[in-house]
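Undergrad:
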């Protein structure tokens, strides 16, 4: 897919999304001008940009929808619930059409047939008068396009100063153009007209920019201007020739042309890649100069679309720089003559700090608000609950929480699955709810917020909650849990994330049978996140997902165990203590120590990862935590804080579930990164330091 | 009100073709066979558009245009030269008089109809 | 202002009208332009009106064009730059 198409697709997705939001809002009973207006604009914009690309199928489909909403806007057609449902279908159809053209596929006959049916029904919503017009219009369109292939042209017209004195009329030319094709847009440029004081009255200052659709050739279009060619400065190109837009700007040297073209829908902002060199002579009055300055100021804060792979490349380099800098830092630190190197050391530390800023800056580019993604779920919740006859209020909060783009994308499917689960298994049918003294309408909350270095996403419903006896019985039946195991509530609830566990009595096609929740958990763990569940029988359930802010770089703490170096993510570390001789003797063969009156379970890294016997005399404990659980890791040597880049490990390490990745140290050595959440979970599950 | 178009040419064939085309296109045609007749027609009628030959007896097209540009009413009236030649000096002279459109003879009625459409919409 | 003798704003009149409007701009009375007598306008005339509005704006003056006949309005629309007259209509 080329870049322009990608932009087109992105734009369309945005438009479709706002259309859907507005439709759903109206379906929930809030019908206002804003919603109607935003649907109209969305259809209109899609039609416009599809037109620029010559996607006639989309244009003609959108055209009908646009007309309908125009009538609604004018108040001559009333919105009905039936119409809204139908329009949601139309929105889906438009999505399919866009997908097809973007993937350069032909529109299938089936899709075409669906489109025709949808249009037929759309037309019935319009008043009879409009209907007739519409049919005529469609016939005309079919007549025009059936035998000829048309293309879209951009025509830019400027005149010689004395054009008007020749008496020739440009309107005659426009009329003729309309005979050999259709002028879709014809925009008069009046910005070059000076103040009255400076006006040479018969001189031509005006210009025109047109979008013209025709089956005629370029030569035939040029010939339309044959009698006025001496006085007309013509720039003619096909609208698909994206580079031509920049060339047009360069040729015209008019400071306001670009913005005018964009605002008049004669071009997409993305058509222009070059900044125009200001031509002083074209700016003829102070007012215009002021306006220009204001526009420029505005531009500073506007957004810039960048291919995300470009950022990924930057991050990759950034990672390498971080590694290289670590090496410099360790070299500087190891110099014997500290005195003489103080300046070098200072410079190196300064560099480290600056690199952190740059790193954070680059990472920040990748951060997007979760709102857009969350809003997409409204439709799913709406559809799902309607399908199974449940009444659900869906409440989103924390839309402005930012998360790495990749994380947002990859979290989307698991969230959809969990939302469906909440509605299908959590929320009861209205009658059942009433019988239990609840309101008929159920409620599902989707929340996002930042919490101590990670992002938390919660899905909470006020449904029937999880039945732990059922879950436990099923898990025992499946052999996943020993019948005598003594599990906490939380541990029992977490069993629903195991494969093959579903207690739903009735299996529906919405959430199926346990398939998925284990996939959900795996997806989230792949993102270095965790998932927890809280539930009260009869009151509802809450799923809590914790995700790291970013995927690529972590601040870690470097430790030595046996011959290997390990990195513990700094965010998981509570404190480090040296294991005193007394504690060691006290501990004996137990796997816990008494720390300030609390029992601290221990994991002996040496033992579980088969490290050689330590050559170090001291034993240290790094106390790590995740959520509300704390564990001590027994390690040999503490080597200090370390900023590190996560590199994924090959297949060999795949099965070691306490390790999330590896990293190359400044010295070139390899260090393994601990997956603390996983480690804690294993410890509490197995209850002993079995080998991983 | 239909636009009035003046055609000035000494060749009756051209006058015939153009007159029929002009009328077919829904305009009113006024014909003259030389520059002097042309000026008289301009006086009698309110002309909106002029097609004129260059080489004609009694008064040439250029002379006629020079004269008519002095009439305030026709200062900016659009003119197309009907000609068999496209000499550079002639074109430069015509430009001075605000004439830049040239239609090269010969042409048939259909071609002239198309020209009318391009010029008059 | 009525500008009694303006019946057309076309290429034939614009030079004269420019001087007329410039003078009028200095007068405090020039807040509107009664176009009831105007029968014809062309693209050149529209350029003149747009220039007039630009000058008026510079003087922080507002001018309204009033009593535009439907036929004149149609002619204005044909020039395609009627939108540039903005609030003056």
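Chains as they are written, first to last, in the numbering used here: chain A, 3 to 694; chain B, -6 to 114; chain C, -14 to 74.
Glycine is no exception: its CB is placed at the ideal position from the N, C-alpha and C atoms.
1. Starting from residue 111 of chain B, find everything on chain C with Cβ-Cβ shorter than 7 Å and list it in chain order.
2. Please list the partners that residue 226 of chain A has in chain B, where partner means a Cβ-to-Cβ separation under 8 Å.
3. Give the range of the alpha helix (DSSP H) segment to which residue 432 of chain A is assigned.
4. Using beta carbons (cut-off 9 Å, strictly below), is residue -4 of chain C in contact with chain B?
5. Distance cutoff 9 Å, beta carbons only. Does residue 56 of chain C sit that close to anything in chain A?
6. From which residue to which residue does the beta strand (DSSP E) around residue 548 of chain A run?
7. Return the Cβ separation of residue 766 of chain A and residue 561 of chain A in integer angstroms, given the expectation that the two are a contact with Cβ distance under 8 Å.
8. State the CB to CB distance for the pair residue 37 of chain B and residue 21 of chain B, rounded to an integer number of angstroms; the pair is presumed to be in contact (CB under 8 Å).
9. Indicate whether at least one CB of chain A lies closer than 9 Å to the CB of residue 14 of chain C.
10. Rank C:48, C:35 and C:56 by C-alpha distance to the C-alpha of residue 196 of chain A and give the top, closest one.
11. Whole angstroms are fine: how far does the CA of residue 39 of chain C sit from the CA of residue 285 of chain A?
12. Please return the same chain residues whose Cβ sits closer than 6 Å to the Cβ of residue 21 of chain A, not counting the five positions on each side in sequence.
13. DSSP puts residue 2 of chain A in a beta bridge; with which residues?
14. Starting from residue 664 of chain A, trace the beta strand (DSSP E) both ways and give me its first and last residue.
15. Quick test of your reading: residue 0 of chain C and residue 241 of chain A, contact by CB under 8 Å. State the CB separation rounded to the nearest angstrom.
16. Measuring only the C-alpha atoms, how far is residue 674 of chain A from residue 608 of chain A?
17. Just the Cα atoms here: how many angstroms apart are residue 216 of chain A and residue 52 of chain A?
18. Against chain A, with Cβ distances strictly below 9 Å, would residue 94 of chain B count as a contact?
19. Are the Cβ atoms of residue 211 of chain A and residue 191 of chain A separated by less than 9 Å?
20. By the criterion of Cβ-Cβ separation under 8 Å, what are the contact partners of residue 178 of chain A in chain B?
21. Whole angstroms are fine: how far does the CA of residue 258 of chain A sit from the CA of residue 56 of chain C?
22. Cα separation between residue 16 of chain B and residue -6 of chain B?
23. According to DSSP, residue 31 of chain A sits in a beta bridge with which residue or residues?
24. Go ahead and pull the three-state DSSP assignment for residue 52 of chain B.
25. Report the option in A:247, A:670 and A:682 whose CA atom is closest to the CA atom of residue 329 of chain A.
26. Just confirm the distance between the C-beta atoms of residue 461 of chain A and residue 519 of chain A, as a whole number of angstroms; I'd bet it's less than 8 Å.
27. Start and end of the alpha helix (DSSP H) containing residue 33 of chain B?
28. If you check the beta carbons only, do residue 128 of chain A and residue 198 of chain A fall under 9 Å apart?
29. When Cβ atoms are compared, which residues of the segment 67 to 89 of chain B fall closer than 8 Å to chain C?
30. Tell me whether residue 319 of chain A is buried or exposed, calling it buried when 16 or more other Cβ atoms sit within 10 Å of its Cβ.
31. Is it buried or exposed for residue 11 of chain C, if we count other Cβ within 10 angstroms and need 16 for buried?
32. So, does the CB of residue 61 of chain C fall closer than 9 Å to a CB anywhere in chain A?
33. Residue 265 of chain A by DSSP, collapsed to three states: which one?
34. Does the distance between the C-beta of residue 14 of chain B and the nearest non-hydrogen atom of the ligand GDP fall short of 8 Å?
35. Can you tell me whether DSSP reads residue 577 of chain A as helix, strand or coil?
TA: This is what the structure holds:
1. Result: empty, since nearest Cβ-Cβ is about 17 Å, beyond 7 Å.
2. 111
3. 432 to 437
4. yes
5. no
6. 542 to 550
7. Because chain A in this structure spans residues 3 to 694, residue 766 of chain A falls outside the shown range and cannot be described.
8. With a Cβ gap of about 13 Å, residue 37 of chain B and residue 21 of chain B do not count as contacting.
9. no
10. C:35
11. For residue 285 of chain A, the predicted model reports a pLDDT of 40, less than 50, meaning its position is unreliable and no value from the coordinates is stated.
12. 41, 44 and 93
13. Nothing about residue 2 of chain A can be read from this structure; chain A reaches only from 3 to 694.
14. 661 to 666
15. Between residue 241 of chain A and residue 0 of chain C the Cβ distance is about 39 Å, and since that is not below 8 Å, they are no contact.
16. 13 Å
17. 16 Å
18. yes
19. yes
20. 110, 111 and 114
21. 32 Å
22. 13 Å
23. Beta-bridge pairing links residue 31 of chain A to no other residue.
24. coil
25. A:670
26. Not really, about 12 Å apart at Cβ, beyond 8 Å.
27. 28 to 37
28. no
29. 68 and 69
30. exposed
31. exposed
32. no
33. helix
34. Here there are no bound small molecules, and the ligand GDP is not part of this structure.
35. strand
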